[in-house]
Amino acid sequence: MPYANPAPLLEAGPRHGRAAAPGRVAADRRGERRTTPVRSPALEPVMSQPHLVPTFAVISGAQVQHALQDREKQIVDLVEATYHLHAAGESVNPPSYFLRFPDRPTARIIALPASIGGPAPVDGVKWISSFPDNVQAGIPRASAVLILNDHDTGYPFACLESSIISATRTAASAALAADHLTRNRLRPTRIGFFGTGLIARYIHTFLTALGWSFEETGVHDLSGDSAAGFRDHVQQSDATGQVTVHETAEAVIRSSDLVVFATIAGEPHIGDPAWFDHNPLVLHVSLRDLAPEVILASANIVDDVDHCLKADTAPHLAEQLTGNRDFLHGTLADVLTGRVTPPTDRPLVFSPFGLGVLDLAVGAYVYNETARSGHLHVIEDFFHDLRRHG
C-alpha cells in the first residue's frame, strides 16, 4: 500500500508501481474469486499484481486518531515532503468542487480529488461538509470521509473518517509554515487565536509538539463560551505563559506577533491595515477574514496560486480589486526550497487553500499504521460481482 513513512516522498520521480493492498481478489472470465491474506504494508513500495481487485477497508475516527496520536513531527515531515512532490509536478490536484444549497447558504460540501505520484503513488478524494449551524446543536461543524483508490486498478480500497485527517493536515501545514516563514524574522513569542474551534486546537497542539512556546497566548472568538473553553484547553496543555481572552479582534491582533485565523467567516471582517503595523506573521487558515486592503499591505505566501485565488478568498478578492497577482511573493514550496525569502518590513500572510494531496498523504499514513497494527477492518465481498460475463 502507500508509503509507510514520509521519506520516499522526498524522491520525486516517474510513477512506477505502489505498495500492494493488504488483500486482493483475483477475477477471471469464469468469475472465480480468491482472497489473499491481509498483511502489513512494507516500508518500500511493492509492485502491484495485475488483474487483482483490492479488498475494501473502513477505518473509524478512533482508529485515525490512534494512528496519528503523538506523531506531529512525522506528519509535518510528511506534509513538507508532499509539498515538494506537488511543486515538482508529481501530483494531480484538480480544483475543489463545491456543492452549495440555496436554502442553506452557509452550508457546503466540498470534493477534493487528488493523486500523488513518486515512488508510492495513491489516488483518492476527500468529501467534506461544512454546516456552521451544527455548532448551535452541539455537534462539530465539519464532517468528512476520505476514499483511497488503488493506483493500478482504480478500485477504492479504503474509506477513512477524515475530519481528523483534515484538521491534522491543516495544522501540520500551518506549523510547517510558521517554522519556515519565521527563519529570517524574530521568532514570535506572542500568539493570538481568532476563532477557537477544532482547527485552532489542532494548530496549537502541533506548534507545541514542534517546540514552540509563547510568553503570551491571546484568544478571541465571537462565542464567549468557545473562547473560554479554548483558554482552558491551553492552560491545561503543556504550554507555558499567560493566556488572555480578548474582547475585540483589534486587541488580539495588536498584542500578537503570530496571529492565527481559524474562523468560519464567509467574507472579510478585518479591514484596517494599521492593526498589523507591528508586522506579525499571520496564518490565515480560514482564508476569508482579511479585506483586500490588508492583503495588499502585506507580503503574501500561498500553498498553491491557482487554488488559492478563487472562491472569493481574501487573495482572490485582492486579485479582483487590482487586476493582477503582483501582491503574491510565492508559494510555501518556494520558501521551503529557498527560491523565495519573504520581506520582513511588512506583515507576512500565509493563506493555505488546503490541498487534497495532503489529505491523501496523511490518509495513506493512517492506512499503513492501521494495517501494521493488525486492526484493519476489511469488508468481505464489498466488490461482489467481478464476472465480465454471467
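According to the working numbering, the stretch in the sequence shown is residues 1338 to 1727, in order. The C-beta atom is built at its ideal place from N, Cα and C for all residues, glycine as well.
(1) Among the candidates T1443, D1558, K1463, H1721, whose CA atom is the shortest distance from the CA of G1529?
(2) Determine the DSSP secondary structure at S1467, reduced to helix, strand or coil.
(3) Excluding the 5 residues preceding and the 5 following H1621 in the sequence, name in chain order all residues of the same chain whose CB lies nearer than 7 Å to its CB.
(4) According to DSSP, is S1377 helix, strand or coil?
(5) Have a look at H1606, R1408, V1390, A1611 and flag the residue whose alpha-carbon is nearest the alpha-carbon of Y1492.
(6) Let me check understanding here. Comparing Cα to Cα, which of T1490, D1414, V1416, R1522 lies closest to T1678?
(7) Pairs of beta-carbons, one from the stretch 1413-1430 and one from the stretch 1448-1455, closer than 8 Å: are there three or more?
(8) Just checking F1613 against the ligand ATP - is the residue's beta carbon closer than 7 Å to any of the ligand's heavy atoms?
(9) In the DSSP assignment, the beta strand (DSSP E) including A1479 goes from what residue to what residue?
(10) What does R1450 pair with, by DSSP beta-bridge criteria?
(11) Roughly how many whole angstroms lie between the Cα atoms of P1432 and Q1400?
(12) In the DSSP assignment, find the unbroken alpha helix (DSSP H) run with N1637 in it and report its ends.
(13) Rounded to whole angstroms, what's the CA-CA distance from A1504 to I1632? Just pull it up for me.
(14) Rounded to whole angstroms, what is the Cα-Cα separation between A1537 and G1667?
(15) So is T1600 buried or exposed if we call it buried at 16+ other beta carbons inside 10 Å?
(16) For the alpha helix (DSSP H) that T1542 lies in, which residues bound it at each end?
(17) Considering only the alpha carbon of each residue, which of A1511, L1595, A1602, I1590 lies closest to P1525?
(18) Locate the alpha helix (DSSP H) running through G1561, then write down its first and last residues.
(19) List the endpoints of the continuous alpha helix (DSSP H) containing V1472.
(20) Flag this pair as yes or no: are the beta carbons of Y1420 and L1618 separated by less than 8 Å?
(21) So A1701 and V1413 are supposed to be a Cβ contact under 8 Å. How far apart are they, rounded?
(22) Give every residue of the same chain whose Cβ lies closer than 7 Å to the Cβ of N1471, excluding the five residues on either side of it in the sequence, and list them in chain order.
(23) Under 7 Å Cβ to Cβ from R1506, same chain only, skipping five residues before and after it: list those, please.
Taking the structure as given:
(1) In terms of Cα proximity to G1529, the closest of T1443, D1558, K1463, H1721 is D1558.
(2) Of the three classes helix, strand and coil, the one that applies to S1467 here is strand, per DSSP.
(3) Residues F1598, L1627, A1651, V1686, F1687, S1688 of the same chain have their beta carbon placed closer than 7 Å to that of H1621, with the five preceding and five following residues left out of the count.
(4) Caution applies to S1377, whose pLDDT of 28 falls short of 50 and renders its modelled position unreliable; the value that the coordinates give is listed next. If DSSP states are grouped into helix, strand and coil, S1377 belongs with coil.
(5) Taking Y1492 as reference, the option from H1606, R1408, V1390, A1611 with the minimal CA-CA separation is V1390.
(6) Of the candidates T1490, D1414, V1416, R1522, the one whose C-alpha sits nearest the C-alpha of T1678 is R1522.
(7) Between the stretch 1413-1430 and the stretch 1448-1455, the count of Cβ pairs shorter than 8 Å is three or higher; the stretches touch.
(8) This structure does not include the ligand ATP; it has no bound ligands of any sort.
(9) Note, A1479: beta strand (DSSP E), 1479-1486.
(10) Here residue 1450 turns out to be Pro, not Arg, going by the sequence shown. In the DSSP assignment, the residues bridged to P1450 are V1462.
(11) Computed Cα separation, rounded: 29 Å.
(12) For N1637, there is no enclosing alpha helix (DSSP H); the enclosing beta strand (DSSP E) covers residues 1636-1639.
(13) Our two residues, A1504 and I1632, have alpha carbons roughly 25 Å apart in a direct line.
(14) Here the C-alpha atom of A1537 lies approximately 25 Å from the C-alpha atom of G1667.
(15) The residue in question, T1600, is buried, as its Cβ has 16 or more Cβ neighbours within 10 Å.
(16) Boundaries of the alpha helix (DSSP H) around T1542: 1535-1546.
(17) Checking every option, the nearest Cα to that of P1525 belongs to L1595.
(18) Counting along the chain, G1561 sits inside the alpha helix (DSSP H) bounded by residues 1561-1573.
(19) Element bounds for V1472: n/a, residue is neither H nor E.
(20) No.
(21) A1701 to V1413, Cβ: 16 Å. No contact.
(22) Cβ neighbours of N1471 beyond the five flanking positions: P1477, R1478.
(23) Contacts found: V1416, L1695, D1696, V1699.
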